[in-house]
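So the structure is just underneath, and the comments pick up after that.
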Amino acid sequence: MSQAERRTAGPLSLLILAALLASACGGGENSNSTVTRTPAGSQAKPEQAAAAGDMAANANSRVYENLELVPYARDGRAAGESYAKIDENPFLEAARAPLSTFSVDVDTASYSNTRRFLNEGQMPPRDAVRIEELVNYFTYDYPQPEGQTPFSVTAEVADCPWNTQHKLVQIGLQGRKVAQEDLPPANLVFLLDVSGSMDEPDKLPLVKSSLRTLANQLTARDRVAIVVYAGASGLVLPSTPGDQRGEIISAVERLQAGGSTNGGSGIQLAYRVAQENYIRGGTNRVILATDGDFNVGLTGDNELVRLIEEKRRGGVFLSVLGFGTGNLNDSMMEKLADKGNGNYAYIDDEAEARKALGEQVAGTLATIAKDVKIQVEFNPRLVAGYRLIGYENRLLADRDFNDDTKDAGEIGAGHTVTALYEVVPAGQKLENPGVDELKYSRPAEVSQGANASELMTVKLRYKEPEGDTSRPLNVGVPDRQASFRNASDNFKFAAAVAEFGLLLRDSRYKGQSSYTNAAELARASAGADLSGRRTEFVNLVETASRLAPRETAAR
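Residues are numbered in my numbering as their position in the sequence shown, beginning at 1, plus a constant of 41.
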């Protein structure tokens, strides 16, 4: 059984996505800004480890198509929200499964959504916390790429702070930064939900604020259109040159919410407008802004998925901006952005709107690499086992790494991508109850040309923004026996954020994690922090410590 099959949920799979399909069938931080916000190694348990043993004998596989949706039914403003169930990646034996393959992810929605819960005095639902998105919300001081490669690759190994018997490995990608004046021309179509559910202060008003922020970034070479949908759909702003800000903002200010949600003809219209104004060599993107409350009609999901994938292959990508509380369909919005080769951000306040569509707009307006895949090969002579932290819904089958027909994530200009592995060094026992020892196995021999001192090799494949053939990139990673104390600030801060995520999820792999330790690590590695986001993170950790059950907070 593949890893994807073990994560298949059952009859509730994709109900929320299907609700949107009905409609379709019908038709990093900026160093000069300051953030101010107002609230609006343990091993697997026996049953988990047994499953890990089975999975180790099989290739990893993509798990997007069959995710169980978990309604969040607690009292309060968040009642009725839905999140995809996450089964955390287990430890796998390097001798049985030396390859780990996944797609990059530059989504950040989970962090701002988690922040929203904490600022409202609630702990977030466990499945609202996607650790890779928490880590990737922050930019890191990785080097700029050299030569023609669109991103640099950095790896660092040191002791794991929540389990000192283990190692932690950080893999960092830094996308090439592009100056505003050098960005390619953009053809943007905003698809805006103006249904009655959007008539709340944290929804349509924030959508308007986001659009005003973006309008100030556009030039005469860019074009922007606005399509709305509710009970009916329409084009409220035809494709307009980006320097006509008065006309753009006037159309934004006229938006009003009302009616039920029916996005069917809306998404068709948005794609048609994008296609009619297609800019060859430019950025062509539909940006969906919604609370995810698609509630008119119900049909199968295949038609919408085919539409988004077809338009993606034709060069029109889809990104998603989530807004609001109480009926947030997080899982559906994440899936749509993934299918559309776009990113998913959650806007919880005006500062986040400025970050997503102001400071980091280059990443939205310029894709520097698409279908970016990572495959890590572990050296069984030095590694007994490993665990990928997060990325559960980005896993790929090992064979998909070299298959250029398999979709993966994109990297925008200036984006950073970080992945973390917890590694069990060779000589330590990796418990897999229920799995027999291999009768005929021998210690792995290092193949000719390999470096015996390498802990692992990081392999990447990526395509040019308009290319169809991937290019390879390989980086060997030695273990220099570095202590955590001597690790870089990049490493320490990413570890602090990951530790925070493990605690929020009450992960079985949290080891000796504590909110106190996560806050201290983050505070010590925050650096200059001119944006204030790392200081804000420390405050969130302290808030979570106060809200967490006593036994968890005291760990």
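Quick reminder that beta carbons are idealized off the backbone N, C-alpha and C, glycines included.
Note that the C-beta distance between Leu406 and Gly383 is not below 8 angstroms. Between Lys380 and Ile415, the beta carbon gap of about 20 angstroms keeps them out of contact (Cβ cut-off 8 angstroms). Note that the C-beta distance between Glu418 and Thr498 is below 8 angstroms. In the same chain as Arg167, and ignoring 5 residues on each side of it, the C-beta atoms closer than 7 angstroms to its own belong to Arg546 and Asp547, in chain order. Going by DSSP, Lys533 is part of the alpha helix (DSSP H) stretching over Asp530 to Leu545. Rounded to whole angstroms, the Cβ separation of Glu393 and Ser153 is 5 angstroms, and the two are in contact under 8 angstroms. The Cβ atoms of Tyr503 and Ser141 do not sit closer than 8 angstroms to each other. Rounded to the nearest whole angstrom, the CA to CA distance from Tyr183 to Ala292 is 40 angstroms. Residues Arg262, Asp263, Ile320 and Gly323 of the same chain have their beta carbon placed closer than 7 angstroms to that of Pro226, with the five preceding and five following residues left out of the count. DSSP links Gly517 through a beta bridge to Thr498.
Per DSSP, Tyr432 has no beta-bridge partner at all.
Between Lys376 and the set Ala386, Lys411 and Gly367, the nearest pair of CA atoms involves Ala386. Distance check between Phe132 and each of Lys208, Thr190, Glu187 and Asn370 places Lys208 closest, using alpha-carbon atoms only.
Between the alpha carbons of Asn318 and Leu255 lies a gap of roughly 19 angstroms.
Membership of Arg253 in the alpha helix (DSSP H) is indicated by the continuous run Leu245 to Ala256.
Excluding its 5 nearest sequence neighbours in each direction, Gly450 has C-beta neighbours in its own chain below 6 angstroms: Ser144, Val145, Asp146 and Val413, listed in chain order. Annotation: the segment 346-403 contains the following complete segments of the alpha helix (DSSP H) (minimum length 4 residues), in chain order: 371-380 and 391-395. In this structure, the beta-carbon distance from Lys411 to Pro506 falls below 8 angstroms.
An exposed status is given to Thr205, since fewer than 16 other beta-carbon atoms sit within 10 Å of its beta-carbon. Excluding residues up to 5 positions away in sequence, Thr254 lie with their Cβ nearer than 6 angstroms to the Cβ of Gly399 in the same chain.
In the structure shown, Ala563 adopts helical secondary structure according to DSSP, grouped into three states. Boundaries of the beta strand (DSSP E) harbouring Val327: Thr324 to Thr331, taken from the DSSP string. Of all alpha-carbon atoms in Asn531, Asp509 and Gly283, the one lying nearest the alpha-carbon of Ala567 is that of Asn531.
Put simply, of Ser529, Glu344, Gln221 and Ser372 the residue whose alpha carbon is nearest the alpha carbon of Ile127 is Ser372. For Ser274, the uninterrupted beta strand (DSSP E) run begins and ends at Ser274 to Pro282, by DSSP.
The continuous alpha helix (DSSP H) containing Gly287 extends over residues Arg286 to Glu294.
Ser274 and Leu310 do touch by the CB rule: their CB atoms are close to 6 angstroms apart, below 8 angstroms.
Counted as a single uninterrupted DSSP element, the stretch harbouring Tyr270 is not any alpha helix (DSSP H) but the beta strand (DSSP E) occupying residues Arg264 to Tyr270.
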